[in-house]
């Protein structure tokens, strides 16, 4: 029987394609935002791939909602 992961273990980081699908954005638009410092925090792995922690993506969403007039 498989044991559940301990709560102290962090969830796996999201791949760039998963982040793009969730925020419904094209790669080119995402890279433009990233160059301006407006994208979610990403970590570059030794193999060159980008990953985003769930907590970083959620924090980015929260910041976007606070900056939007439609959410007030």
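In the numbering used here, the protein residues as written are 34 to 105. Using N, Cα and C, we set each Cβ at its ideal position, and we do this for glycine too. Note that the coordinates shown come from a computational prediction; the quantities given were computed from them, not determined experimentally.
Taken through DSSP and simplified to helix, strand or coil, residue 78 comes out as coil. Shown here, residue 57 sits in coil according to DSSP, grouped into three states, outside any helix or strand. Non-local C-beta neighbours of residue 93 in its own chain, meaning closer than 8 Å and more than five positions away in sequence, comprise 72, 73 and 74, ordered along the chain. In this structure, residue 85 keeps its C-beta atom at 7 Å or more from the C-beta atom of residue 53.
Contact between residue 49 and residue 83 holds: their C-beta atoms lie close to 5 Å from each other, under 8 Å.
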